[in-house]
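Participant: One structure, pasted below without further comment.
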Amino acid sequence: MVLSLTGCGGNGKEDASTYTYSSELDIKNLDSSDVDDQCSIRTIHAVIDGLMKTDKKGNITYGIAKSEEVSDDGLIN
Numbered sequence: 005m006v007l008s009l010t011g012c013g014g015n016g017k018e019d020a021s022t023y024t025y026s027s028e029l030d031i032k033n034l035d036s037s038d039v040d041d042q043c044s045i046r047t048i049h050a051v052i053d054g055l056m057k058t059d060k061k062g063n064i065t066y067g068i069a070k071s072e073e074v075s076d077d078g079l080i081n
């Protein structure tokens with residue numbers, strides 16, 4: 005058995021304006037406040053960086069946020 009892999013065209017330079025995402029199902033919704041299906045949630049997660057994220061150990065760390073401040077009463081971040 006012979007397995008052959010070939011790349012698709014291109015000039016070797018990465019284009020940061022294009023993101024290719026493959027899914028078996030149709031993406032129903034990209035509104036993060038209204039999404040209710042797993043396929044759409046995974047798509048949003050793949051293309052949007054959050055303010056915070058979890059590291060490999062499950063600890064909360066900064067995503068695109070650089071810092072955080074908590075109000076004196078502890079109710080507002």
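5 is the number of the first residue of the sequence shown in the working numbering; add one for each residue after it. Think of the CB as a built atom: it goes at the ideal place given N, C-alpha and C, for glycine as much as any other residue.
(1) Between which two residues does the alpha helix (DSSP H) holding T47 run?
(2) Quick one: grab the DSSP three-state call for K61.
(3) Output the distance between the C-alpha atoms of E28 and D77, rounded to the nearest integer angstrom.
(4) Expressed to the nearest angstrom, what Euclidean distance is found between the alpha-carbon atoms of T47 and L34?
(5) Taking the straight line between their C-alpha atoms, what separation do you get for T58 and I68?
Facilitator: By the coordinates alone:
(1) Q42 to V51
(2) coil
(3) 47 Å
(4) 8 Å
(5) Near 12 Å, if we compare the C-alpha coordinates of I68 and T58.
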